[in-house]
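What follows is a set of notes on a single structure, which appears directly below.
Number of protein chains: 2
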Amino acid sequence: MSLSSEKSDIELDEKIKQQHRIDSLNILLYMLLLITTVLTIWMFKHRRMRYLHETGLALIFGLVVGALIRYTGDPSAITHVEVQAVPHSDYNESLPPDYLWFRMKRKMPPGEGSGPVENRTYAYLLTGEVEDATGNEFAQQATFDPEIFFNIVLPPIIFNAGYSLKRKFFFRNLGSILCFAFIGTTISAFAIGGVQYTFGLLFSSPPSLLDCLYFGALISATDPVTILAIFNDLQVDVNLYALVFGESVLNDAVAIVLVTAIENYAKLYATGSDGFEAIAFLKAIGLFFYVFFSSFLLGSVMGCATALLTKFTHIRDFPLLESSLFLLMSYSSFLMAEAADLTGIVAVLFCGICQAHYTYNNLSDEARVRTKDFFEMINFLAENFIFSYIGVSLFTFPKHQWDFAFISCAFVSLFIGRLLNVYPLSWLLNLKRRPVIPLNFQHMMFLSGLRGAIAFALAIRNTYSVGRQTILTATSIIVAVTVIYGGLTTQLLLWLGIPVGGEEDDETTGLNQLQRCRPRGQQNETGARDNPEKALLVRLWSDFDTSFMKPLLTHSRPTLLETMPLCCHPLARLLTSTQQLTQDTSNKYEEDGELCLEADEASFQHGDNGSVHSSGHQMAAVSDDGDLGTGSTAGYQRTPAPPVSTRVHLQGHGRGDSL
Amino acid sequence: MSLSSEKSDIELDEKIKQQHRIDSLNILLYMLLLITTVLTIWMFKHRRMRYLHETGLALIFGLVVGALIRYTGDPSAITHVEVQAVPHSDYNESLPPDYLWFRMKRKMPPGEGSGPVENRTYAYLLTGEVEDATGNEFAQQATFDPEIFFNIVLPPIIFNAGYSLKRKFFFRNLGSILCFAFIGTTISAFAIGGVQYTFGLLFSSPPSLLDCLYFGALISATDPVTILAIFNDLQVDVNLYALVFGESVLNDAVAIVLVTAIENYAKLYATGSDGFEAIAFLKAIGLFFYVFFSSFLLGSVMGCATALLTKFTHIRDFPLLESSLFLLMSYSSFLMAEAADLTGIVAVLFCGICQAHYTYNNLSDEARVRTKDFFEMINFLAENFIFSYIGVSLFTFPKHQWDFAFISCAFVSLFIGRLLNVYPLSWLLNLKRRPVIPLNFQHMMFLSGLRGAIAFALAIRNTYSVGRQTILTATSIIVAVTVIYGGLTTQLLLWLGIPVGGEEDDETTGLNQLQRCRPRGQQNETGARDNPEKALLVRLWSDFDTSFMKPLLTHSRPTLLETMPLCCHPLARLLTSTQQLTQDTSNKYEEDGELCLEADEASFQHGDNGSVHSSGHQMAAVSDDGDLGTGSTAGYQRTPAPPVSTRVHLQGHGRGDSL
């Protein structure tokens, strides 16, 4: 190897080190942003300031830093060269290739021209389309590969939502939640898409209908983070909490499947000949349900598989292995769904719910604390990272397309979409639902439709075409505006007369509120009994769950030996663990009766079981009996999370009425 | 937008989705590998099989899967096009540009030729050099960006090594450890580099001296994981444990700084004119110490800053915020060092030691458990991920260069390097050191020089040139062979007569062993007192630490008010927290006296403090008083980690002698 070639190796090393330095600086930037956010959050909490939520803080700090980078950075460090295929190239497809191989002559430094001229070939990877090949050379500073958001940052957020779901109230309001999530999100997506498209026609370069629908679907994923944190702080009514949380958890899943369905429709439409629109449409609907339910099934199966693994092995003797297995299985559910062309978000959400409902019972005490703490922390960091990133990237992401008409219109269409979602569906639901959703709850639901991490992650996932870049920019702006506005919620809650803040008298406020707000005088009864068919469905599932699923998947009593018919006893014996047979029946697991609406109130007050938690975890144990947590961002406060008392009250109230 | 353009957008979408699917499959592959590894580890532990360590398992599974992918995969899915600069390009540097802009004509599908021909420009990012531009088209399957290893996977492993360091025994053997780490690693690096270069000269295309030294430095980073796990299982002598662990922790740091120094030397040498070698050499040595101590300082300062933040704010009221801050500050120390052209590994290692020594005392009980569990789990997953990856990538990484002469020679030079490191230095140290390092300990140290994650991460960091690709291949092979061979250690320990396995009688075995094995009859005394100057240095630091550092950085007693001269009292009052003044002196923190060799034995048996841990964490508490853990991979077993009893014994023994 000649000296000069060694010299260029050293130069190349330098270049790589330079790149590494920039990478480190980028990550460091976000770490410092997060540190600032954490410290500011602490100060806000310490001084009881509530007018801005932590995600809003992360976003604002991000905006400031992004602007600094934008206007002080030196974009000239990044070089590019325009290239074309070599003349005799036989590449003949309409799509850009994955890699380019760039052969370049090494120019010798002056005075050393004696060595041979070396040809070296370098590989280059496709990153995206360049819109304006003359300008727009701003460096790709402080940005990450979008796949990182989708594959790394998003799954723990969604999983934690499922793992810390308040299952009792979720299932009690299941009908309404499903209605809002499925029908509401679809209404919202098409309303937004339609308005955007109609409005776009007024201009010279309208966005395509496909892009508009795509935008409508992804922006329909509401984000509960800000609202729920405030709900937690202010102890709002549990049913409102369940509705808002349940809707936003499920509507992420629905929105993402809608996005896929719209893409599929476009594909079917484009490849089929004209006149087959209807068939393409039906196929797309079929695909929607196929994708949703397959993902649901995959996630649930992975959750149940983890439950079986933890039940029938003694892996609980090694909590580290146990927790790792738990984490790996859960993450695999996401990846499997993505690899199988389903949606990982749906899979990991239902996997989280199954893990909480079954596997959690089989875990050792240490692994319970470990997994809960782990996901809580990862969730907290991931969320704040996304919001910091949204802030920074608004200034630094090189592929923004500032279409102000589109953005302004988006706010209007968002408003319309939310309007057509909440009020008509609430009216429909109130025809049958008891307790009805009072009007001020509807207002609150309307206003709590903030947009956040999911919408952004969906938008940044694909920015190869200009249309998608416009969508990303609009989404970023919408998220920024709604999240910062989210801080006003406290005022709105007060203004709408939704019960907040009471500690002890809350037990009556909630009840009074429900009765006072009821707009239709003729309904005097509350509780699940009013709605026999829905209660029946839930009770059927609950019975099946208690008799077969829990005995099969956990160490809980009764065992399958008691619930299965006599002929199946050999099988039942095989599926019953020794621990299950020998354990003291008084030592029942915490989660028992979670789905059973008539469960004894004591299941909420597992002080005896809660005490297996550390004294250091006492406050977690207080907020945890029955549920694993009190929402995605609660639980890092040392005082017991508020909804507990309200919850206990409401249940008592419901039963009192129905007896 | 024309229909055909919309159609190609859809095609592009499909392509992106395809890429995403492949990404998901790649990650899923590793998750499944890890799940298999976790379950197999559990089975091995359950059946008490010890002939293969978990990292060896991960590696073997990786190899199998890698081979499957290699010989069943379809590489044709990835397309590439050879390109050249457009004729009038003015790019004139000797290095490849960061981006290529590729302008291509969209070919219309047949039958739709009426639309305008569109030009689109795509950006491509540099990924590396292609050696053989005609063949070697094997797809970049199942591989990751090397930066991920260096920036994401490695830091938690190193941090955890520092955070769970047995500080007492580390500091007791500090002199020897530093000697092995600094002098030994340097000897090893130059010996290996020299042998490789000399051997290479026999062949037609010898590797460059720079590459040889680079290889020598990076392969000198020994990996303690396998050995220490076995040591933990078998309860070996604590001094041997401290020597092996301490050396391998520090020598990673030294090796990585050596790598930087060699790069710097090459750069200085290449840019200076001839005849200035000596100056370049001196400069490189200066840079070595500058980089090492600046990184050390940066890491320690970040650790102390975290201690101050946790001491003087009430952030401990919110354990989630507290743990997040802890994590973010620690990771920032790594990134800051990397961004400042220092070495993050050194920074994060010493940051970990400071966090354990100071910050840990200020944390809330919940945050202590949280951070310990968190890092333990991340460390476990990161390690096994790296070993899986090494296995898979041996078959799938597209840039391997199989230079069999180089690889065979590497094993010989490794042997020579380790030989010249352990035995001469032990002999030198034994001239002054008490207790001496007996010959069978030296054999064990010689044999425990396995290579692992650090060496691999260093090697894969830069594979742009062919020389570096050869180094990567050799490193992978060496790591694979030594890690799998590591399982034989149990047999070696028995064969060398190193005490293993005793539960109760271990207390005497350790002592007998030390006396029996002493090869030089004239030394009859043990304990630190024999070595007054070293003991003095350690005692000086210990006094300073107890009088100033701990009172300043933690809530421990005595306070600065008691230890600082009277004139400084206003300042001392400012730096003393209320909690520090008001707390009950009996409620001392666990870590007190950690560095103080004469500390009361009771400091090892903080059963009273240990009880603030959860009952679920009881076994952690048992193994934890005094230290945060029992090594990088211990602590996921429910039985108390073994070294505790030995440790307590040895301390008693040492003091008994010196009284």
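Protein chains in written order, with the numbering used here: chain H, 579 to 1237; chain R, 579 to 1237. Each residue gets a CB set at the ideal place from its N, CA and C atoms; glycine is no exception. Keep in mind it's a predicted model, so treat the numbers as computed, not measured.
Alpha-carbon to alpha-carbon, residue j and residue i
{"i": "L646 (chain H)", "j": "F639 (chain H)", "result": "11 Å"}
{"i": "T937 (chain H)", "j": "L927 (chain H)", "result": "15 Å"}
{"i": "Q597 (chain H)", "j": "M914 (chain R)", "result": "15 Å"}
{"i": "F993 (chain R)", "j": "L1025 (chain R)", "result": "9 Å"}
{"i": "G1045 (chain R)", "j": "Y843 (chain R)", "result": "18 Å"}
{"i": "L806 (chain H)", "j": "G1030 (chain H)", "result": "13 Å"}
{"i": "T615 (chain H)", "j": "R648 (chain R)", "result": "46 Å"}
{"i": "R1011 (chain R)", "j": "H1021 (chain R)", "result": "18 Å"}
{"i": "T752 (chain R)", "j": "S873 (chain R)", "result": "Checking the sequence, you will find Leu at residue 752 (chain R) rather than Thr. Their Cα atoms are separated by approximately 19 Å."}
{"i": "L756 (chain H)", "j": "E825 (chain H)", "result": "7 Å"}
{"i": "V816 (chain H)", "j": "L704 (chain R)", "result": "54 Å"}
{"i": "T974 (chain R)", "j": "L641 (chain R)", "result": "10 Å"}
{"i": "A1058 (chain R)", "j": "L635 (chain R)", "result": "11 Å"}
{"i": "L1007 (chain R)", "j": "A820 (chain R)", "result": "15 Å"}
{"i": "C987 (chain H)", "j": "D801 (chain H)", "result": "21 Å"}
{"i": "T1048 (chain H)", "j": "G969 (chain H)", "result": "17 Å"}
{"i": "L1114 (chain R)", "j": "S1120 (chain R)", "result": "9 Å"}
Neighbour flag for residue i against chain R, beta carbons, 9 Å
{"i": "R599 (chain H)", "result": "yes"}
{"i": "R750 (chain H)", "result": "no"}
{"i": "V773 (chain H)", "result": "no"}
{"i": "S742 (chain H)", "result": "no"}
{"i": "V1116 (chain H)", "result": "no"}
{"i": "T891 (chain H)", "result": "yes"}
{"i": "D676 (chain H)", "result": "yes"}
{"i": "E592 (chain H)", "result": "yes"}
{"i": "F866 (chain H)", "result": "no"}
{"i": "E841 (chain H)", "result": "yes"}
{"i": "L898 (chain H)", "result": "yes"}
Integer-rounded CB distance, given that residue j should sit under 8 Å from residue i
{"i": "W980 (chain H)", "j": "T1051 (chain H)", "result": "6 Å"}
{"i": "S966 (chain H)", "j": "L630 (chain H)", "result": "Not really, about 15 Å apart at Cβ, beyond 8 Å."}
{"i": "C929 (chain H)", "j": "F737 (chain H)", "result": "7 Å"}
{"i": "F964 (chain R)", "j": "V731 (chain R)", "result": "In the sequence on display, residue 964 (chain R) carries Ile and not Phe. With a Cβ gap of about 6 Å, I964 (chain R) and V731 (chain R) count as contacting."}
Below-9 Å beta-carbon distance, residue i vs any chain H residue
{"i": "Y936 (chain R)", "result": "no"}
{"i": "Y1001 (chain R)", "result": "no"}
{"i": "G794 (chain R)", "result": "no"}
{"i": "G922 (chain R)", "result": "yes"}
{"i": "P694 (chain R)", "result": "Below a pLDDT of 50, predicted positions are generally treated as unreliable, and P694 (chain R), at 48, falls in that range; no measurement from the model is reported."}
{"i": "R948 (chain R)", "result": "yes"}
{"i": "V616 (chain R)", "result": "yes"}
{"i": "M1127 (chain R)", "result": "no"}
{"i": "Y1042 (chain R)", "result": "yes"}
{"i": "V822 (chain R)", "result": "no"}
{"i": "E916 (chain R)", "result": "yes"}
Closest by C-alpha distance to residue i, when choosing among the options
{"i": "T838 (chain R)", "options": "R:I730, R:S901, R:L607 and R:K861", "result": "R:K861"}
{"i": "T1132 (chain H)", "options": "H:F912, H:L1118, H:L1114 and H:R894", "result": "H:R894"}
{"i": "F749 (chain H)", "options": "H:H658, H:A799 and H:L828", "result": "H:L828"}
{"i": "F680 (chain R)", "options": "H:R681, H:M682 and H:P674", "result": "H:P674"}
{"i": "L875 (chain R)", "options": "R:R946, R:I834, R:L1159 and R:I931", "result": "R:I931"}
{"i": "G995 (chain H)", "options": "H:C790, H:G762 and H:S908", "result": "H:G762"}
Those residues which DSSP pairs with residue i across a bridge
{"i": "W679 (chain R)", "result": "H:E660 and R:A701"}
{"i": "R948 (chain H)", "result": "Its beta-bridge partners do not exist; DSSP assigns none."}
{"i": "T800 (chain H)", "result": "H:R1029"}
Minimum Cβ-Cβ distance from residue i to chain C less than 9 Å
{"i": "R626 (chain H)", "result": "You won't find chain C in this structure, because its protein chains are H and R."}
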